[in-house]
Amino acid sequence: MAAADEDDETLESLLQASKTPNGRSRLAASGVVANTLRHLSSSSTLALPYLRLLRNLCAGEISNQDSFIHCSGPDTVASILLSSAPASVEVLRAGLQLLGNVVLAGEPHRAAVWHRFFPHGFLMLARVRERGVCDPLCMLIDTCCSGIGGKRRLEELCGTHSGLPILVEIIKTAFKAGYQEEWIEWLLFKVCVEEQKFSSLFSALNSSDTIEIDLDVSLTYELKPELFNTQHTFLLQILSKCLTERPEEVTVSDKFAIEILQLLKMTYNVVDFSTRLNSSIPTGSPATDLLGYSLVILRDICAWEDASSPDTDKDGLVKLLLDGGLLDFVLSLLRELEPPAIVRKSMVKKDNSSSPVEVMKKVCPYQGYRRDVVSVIGNLLHRRKRVQDEVRDKQAIPLLLQQCVVDEENPFLREWGLLAVRNLLEGNEDNQKEVAELEVKEPVTTPEISRLGLKVEVDEVTKQAKLVNISG
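Residues 1 to 472 (the UniProt record's numbering) make up the sequence shown, in order.
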């Protein structure tokens, strides 16, 4: 009993010493890593404190990190983490944190850990539905897929039969248990956006295996809302978050941009535009949420510019999207919508009769949908004369002017509408002239519209409302 107490005191003193750089350096010379690994392999009851000691010892101390690899540390830790007797969440977390510290040392360390745990070990750990396990697992995998040799391991991770199931389980775990650290965001962004594996992972998340995002082959099956699920939404939500919060730290591939445009078109075909929802995304409807996040991602992509040619269409991603029909598509989305609420009220004041044309108009499937569509158009217009001219040629200027209003269903619609109009007119005399010459025919106004220098005009033939400029 006294010997056991003495061992406990020794372990506690080692833990305290390992918390400082000087302590780790001093312990490295005593061969403590090898001794601790031997104790770990023979004492399951003290697995947690031994793993924490090793984790601390390998935090930035190269001698200890090297010793861990030379003493078959990955095998010893694997025997604990992957044991047939399930380990506790605390043990799994400490073990993964230890491995995460080790792989930071360099390529030999990453290769050794990867060889021992990929794919079956990572898959087992990914299936543990605990954020305390998922977070360090994502850190470990992301680090292994970085630096020298990282490209090859990333390709293995994206392999259909071996690696993708790991990513699918990670997404399922994070969706169910949540996550606190950003490692999953970096990992999924690296896989989907930078390495162009979005389509593969998106398809792998579909349990029925019937949906493919194929950019070269037209759809040959009937799309149904059931094809999309909440894991699809969760994935796109994470990717959107990365683009919105860290635009200067990420790189977007051409393939990803086109796939998001394709996804936008696919989800549009299954979303219910007859029901007005009073919630923003995520709404709980996968198809609707995917539609919304696709718009947000495209908005952010279209906000990026090639600094070397700010006044041309040479910014490759946007040009690619334009060639893929993005402008035509988002303009069609806007045309199909009923007018903003404030414009609809103005029309009712002028004409109490119900127009069959307006009755058939689509409604916003979520709060903010109109704003998101307008934001994509507004960013496309920024310093791109090609887009400015196309909007005029498509007779869409009145349509954009109509969006410069306050709308309870679409927060910040007015701000995005004004930005779109500013970008439409900037440096384009033809567009400026057309707006100035808009004729005013029996306008029906509200105070909010008047303050913008605009009036509502109802087309005598179509009965559709549009806003016209009254300042000229």
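Cβ coordinates follow ideal geometry from the N, Cα and C atoms, glycine included.
Beta bridge counterpart(s) of residue i as assigned by DSSP
| i | result |
| --- | --- |
| Leu337 | Lys362 |
As assigned by DSSP and simplified to three states, the class of residue i
| i | result |
| --- | --- |
| Arg383 | coil |
| Trp304 | coil |
| Lys394 | coil |
| Asp289 | helix |
| Ser218 | Here the model assigns Ser218 a pLDDT of 47, short of 50, so the residue's position is not dependable and the matter cannot be decided. |
| Pro165 | helix |
| Phe412 | coil |
| Val102 | helix |
| Lys19 | coil |
| Thr10 | helix |
| Phe234 | helix |
| Gln180 | coil |
| Phe68 | helix |
| Phe118 | coil |
| Glu249 | coil |
| Phe189 | helix |
| Arg276 | coil |
| Gln196 | coil |
| Thr45 | coil |
| Gly324 | coil |
Per-residue burial, residue i [other beta carbons within 10 Å of its own, 16 or more giving buried]
| i | result |
| --- | --- |
| Val89 | exposed |
| Ser18 | buried |
| Asn423 | buried |
| Ser308 | Residue confidence for Ser308 is low, a pLDDT of 40 falling below 50, so the modelled location carries little weight; the figure read from the coordinates is stated next. The residue in question, Ser308, is exposed, as its Cβ has fewer than 16 Cβ neighbours within 10 Å. |
| Thr36 | buried |
| Lys433 | exposed |
| Val217 | Reliability of the predicted coordinates at Val217 is poor, the pLDDT of 42 falling under 50, and no value is obtained from them. |
| His161 | exposed |
| Arg55 | buried |
| Asp254 | exposed |
| Gln16 | exposed |
| Pro86 | exposed |
| Gly73 | buried |
| Pro49 | buried |
| Asn269 | exposed |
| Glu226 | exposed |
| Asn22 | exposed |
| His115 | exposed |
| Glu409 | buried |
Reference residue i, options the options, closest by Cα
| i | options | result |
| --- | --- | --- |
| Pro365 | Leu337, Ala341, Asp389, Leu263 | Leu337 |
| Phe68 | Ser84, His109, Thr288 | His109 |
| Asp142 | Leu96, Leu322, Glu130 | Leu96 |
| Thr20 | Arg93, Arg38, Thr45, Gly60 | Gly60 |
| Glu252 | Leu321, Pro282, Ala204, Asn229 | For clarity, residue 252 is Val in the given sequence; the question names Glu instead. Comparing Cα-Cα distances from Val252 to each of Leu321, Pro282, Ala204, Asn229, the minimum goes to Leu321. |
| Asp407 | Tyr369, Asn428, Glu195 | Tyr369 |
| Leu399 | Leu438, Leu236, Asn64 | Leu438 |
| Arg383 | Lys361, Gly100, Leu425, Lys394 | Leu425 |
| Pro339 | Val363, Arg414, Thr233, Leu11 | Val363 |
| Lys197 | Leu154, Gln237, Gly178, Ser162 | Leu154 |
| Leu291 | Ser146, Ala177, Gln237, Ser30 | Gln237 |
| Asp413 | Ser375, Arg386, Glu130 | Note that residue 413 corresponds to Leu in the displayed sequence, not to Asp. Of the candidates Ser375, Arg386, Glu130, the one whose C-alpha sits nearest the C-alpha of Leu413 is Ser375. |
| Phe117 | Arg93, Asp75, Leu298, Val91 | Asp75 |
| Ile166 | Pro119, Ile148, Val133, Gly132 | Pro119 |
| Ile171 | Glu156, Gly159, Leu187 | Leu187 |
| Leu104 | Arg386, Lys265, Cys192, Ile148 | Ile148 |
| Leu27 | Phe273, Ser294, Asn64 | Asn64 |
| Glu156 | Ala111, Gln262, Lys176 | Ala111 |
| Gly31 | Leu333, Leu57, Glu12, Ser42 | Leu57 |
| Lys265 | Arg276, Thr288, Gly417, Gly316 | Thr288 |
| Lys361 | Gly325, Thr10, Asp272, Val102 | Asp272 |
| Asn428 | Gly163, Asn410, Val405, Ile397 | Ile397 |
| Cys71 | Val91, Ser41, Asn410 | Ser41 |
| Val133 | Ala174, Gly150, Ser199 | Ala174 |
| Val435 | Glu409, Leu333, Gln402, Glu415 | Gln402 |
| Ser43 | Val77, Thr244, Asp372, Ile62 | Val77 |
Beta carbon proximity, residue i to chain C, threshold 8 Å
| i | result |
| --- | --- |
| Glu434 | As a matter of chain content, chain C is missing from the structure shown, which is built from one protein chain. |
Q. Using 8 Å as the Cβ pair cut-off and three pairs as the minimum, do the region 273-285 and the region 338-345 touch?
A. No, they do not touch.
Q. Counting pairs of beta carbons, one from the region 181-190 and one from the region 141-158, are three or more of them closer than 8 Å?
A. Enough Cβ pairs lie closer than 8 Å, so yes.
Q) Does the pairing of the region 385-394 with the region 292-305 give three or more beta-carbon distances under 8 Å? A) Cβ pair count under 8 Å is below three, so no.
Q.
Under 8 Å: do the region 112-127 and the region 80-89 share three or more Cβ pairs, one atom per stretch?
A. With a cut-off of 8 Å, the region 80-89 and the region 112-127 count as touching, because enough Cβ pairs lie within range.
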